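Below: the structure, in structure tokens.
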Amino acid sequence: MNRASGWRLPLLIALLSSALCACVTLPRTEFTASQQSAATPAGFGQVRYSQDDPALAEMLARIEPDAQGVVNTLAISGGGANGAYASGVLYGWSQTKQRPQFQLVTGVSAGALAAPFAFLGSDWDESLKQTYLSGKLDHFLQARFLLRLLTPGFFSKAPLEDLVRAYVTEDLLHAVAAEHAKGRRLLVATTDLDTEQLVVWDMGAIASRPGPEARALFAQVLTASASVPGVFAPTMIEVEGEGRRFAEMHVDGQADSAFFALPQTLLLGMRPKAPRFKHHLFILVNGQLNSPFSVTPRATIPVLLRTIDAATKASVRSSLISTLEFCQRNGCDLSVSALPDTVVDDSLDFSHAHIVSLFSAGEAAAIAGQAWTAAQPALAEPVQPVGPTASKP
124 MNRASGWRLP
134 LLIALLSSAL
144 CACVTLPRTE
154 FTASQQSAAT
164 PAGFGQVRYS
174 QDDPALAEML
184 ARIEPDAQGV
194 VNTLAISGGG
204 ANGAYASGVL
214 YGWSQTKQRP
224 QFQLVTGVSA
234 GALAAPFAFL
244 GSDWDESLKQ
254 TYLSGKLDHF
264 LQARFLLRLL
274 TPGFFSKAPL
284 EDLVRAYVTE
294 DLLHAVAAEH
304 AKGRRLLVAT
314 TDLDTEQLVV
324 WDMGAIASRP
334 GPEARALFAQ
344 VLTASASVPG
354 VFAPTMIEVE
364 GEGRRFAEMH
374 VDGQADSAFF
384 ALPQTLLLGM
394 RPKAPRFKHH
404 LFILVNGQLN
414 SPFSVTPRAT
424 IPVLLRTIDA
434 ATKASVRSSL
444 ISTLEFCQRN
454 GCDLSVSALP
464 DTVVDDSLDF
474 SHAHIVSLFS
484 AGEAAAIAGQ
494 AWTAAQPALA
504 EPVQPVGPTA
514 SKP
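Going by this note's numbering, the letters in the sequence shown line up with residues 124 to 516, in that order.
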């Protein structure tokens, strides 16, 4: 599978299949916008925020710095199989003894799956490594054939759910809850298809609730964040609002935002109070920021694939530019790590060889001190023609 196919090809096939057949619409309990806005998962308090909720910005403003007076934030993007790159960066970074303890870790899609391990620190590196390198991902994508015409999702969601349940253990929840009690925060983003808005979940608050419900919701949110629409079925999350119980439909957080680093209220220009301490924001992009030159075949599917690929990368760059502008206005440092062009950018190639190449690239870059660069140079990297279509001097 080449780079251009990625998750885009199965998504495209799913969309075309849906358009060409009379698909069954599964029943849902009706609810109103008012009920949805008041809804929370049953038995939980404030464990989630909309991206433009002022309470989210206020919660983040209360995070205290480390002993050096710095708030270190790590935001990990989506990217499917490319998530192995972020895991390799974290693993190699630990070996340098330079990896900071992050006061805030956020994750979207594949980044959500790595975020709990990144939050808990180097002691959990082996668990993170085994998630990708144990070989469990070799058969991660299982086509559902005719079932995909009856229910949403081109591939079976069972392997994703099994993977998440396997590592969301009681030990992991207790560790997350303990760090949450110290004032550190772990956030994961999903996209609510009913509101078409990003939802930011406070995973530490979820983990801090006693009982099996915490583990179930924690795993549900991670699964939802990684549920690429069209590729996997949406995740239905049970909530209560104004006396009604119903299920919200959540999918991949990357459907709304490439990564979550700052609340929308701040990015839209609402200036925060003067910072009491220094901020350093690290953004780990599980993909390449620029596409190599290639002549697009004059056919429907290649044109659509190339268009989706261009839109995806444009979304990542746009989010980075907005974040860079905020940091320049407010004096925070911004570092970016993105998939190098020495490895293939293919988010749905879960073959062991591909996963190992991604992990190794991230690990090697971190050990060599080359994983991170300032945001502006990363965005300005020129696109180089490659392959037989490249012009000759």
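C-beta atoms are modelled at their ideal positions from N, C-alpha and C, and glycine is treated no differently.
No experiment lies behind these values; they were computed from the predicted model shown.
- Around Asp261, the same chain offers Phe473, Ser474, His475 as residues with beta carbons nearer than 8 Å, after the five sequence neighbours per side are excluded.
- Comparing alpha-carbon positions, the option among Leu447, Glu363, Gly334 lying closest to Leu389 turns out to be Leu447.
- Leaving aside the five residues that flank Ala494 on each side, the residues in its chain whose CB is nearer than 6 Å to its CB run, in chain order, Val212, Ser460, Ala488.
- Assigned with DSSP and collapsed to three states, His297 falls in helix.
- Distance between Val354 and Gln191, taken at the CA atoms: about 44 Å.
- Boundaries of the beta strand (DSSP E) around Lys401: 401-408.
- Apart from sequence neighbours up to five positions away, the residues of its chain that approach Thr496 with a beta-carbon distance below 8 Å are Ser458, Val459, Ser460, ordered along the chain.
- Residue pairing from DSSP places Gly364 in a beta bridge opposite Arg367.
- Straight across, the Cα-Cα distance linking Val323 with Gln159 is about 15 Å.
- Taking 8 Å as the upper bound for CB-CB distance, Gly376 and Thr313 are in contact here, some 5 Å apart.
- Only residues of its own chain outside the window of five on either side were considered, and among them Ser217 have a CB closer than 6 Å to the CB of Ser245, listed in chain order.
- Residue environment for Gln343: buried (at least 16 other C-beta atoms within 10 angstroms of its C-beta).
- Residue range 326-330 is occupied by the alpha helix (DSSP H) that includes Ile329.
- The beta-bridge partner set that DSSP reports for Thr229 consists of Ala198, Leu310.
- With respect to the C-alpha of Arg185, the residue from Lys305, Arg151, Ala233 having the closest C-alpha is Lys305.
- With contact defined as three or more Cβ pairs closer than 8 Å, the stretch 221-236 and the stretch 195-203 are in contact.
- When rounded, the separation of the alpha-carbon atoms in Thr346 and Phe449 is 30 Å.
- According to DSSP, residue pairing for Ala461 in a beta bridge involves Val408.
- Burial state of Gln387 is buried, judged by a 10 Å Cβ sphere holding 16 or more other Cβ atoms.
- In this structure, the straight-line span from the alpha carbon of Ala328 to that of Gln451 is close to 31 Å.
- Taking a 10 Å sphere around the C-beta of Val287, we find 16 or more other C-beta atoms and assign the residue as buried.
- Cβ atoms of Ile478 and Tyr255 come within 8 Å of each other, at about 5 Å.
- Cα atoms of Leu316 and Ala422: separation of roughly 31 Å, rounded to the nearest angstrom.
- For the 8 Å CB-CB criterion, Pro239 and Leu309 form a contact.
- The beta carbons of Ala330 and His373 sit no closer together than 8 Å.
- Between Phe167 and Leu340, the CB-CB gap stays under 8 Å.
- Of Glu293, Phe263, Pro335, the smallest CA-CA separation from Asp285 is found for Phe263.
- Between Ile360 and the set Ala381, Val291, Glu336, Ala178, the nearest pair of CA atoms involves Glu336.
- Under the three-state reduction of DSSP, His477 is assigned to helix.
- Residue pairing by DSSP places Met359 opposite Met372 in a beta bridge.
- Across the structure, Leu243 and Gln174 are spaced so that their CA atoms are roughly 24 Å apart.
- Ser232 counts as buried, since no fewer than 16 other beta carbons sit within 10 angstroms of its beta carbon.
- The residue from Gln499, Ala498, Pro463 with its alpha-carbon nearest to that of Ser483 is Pro463.
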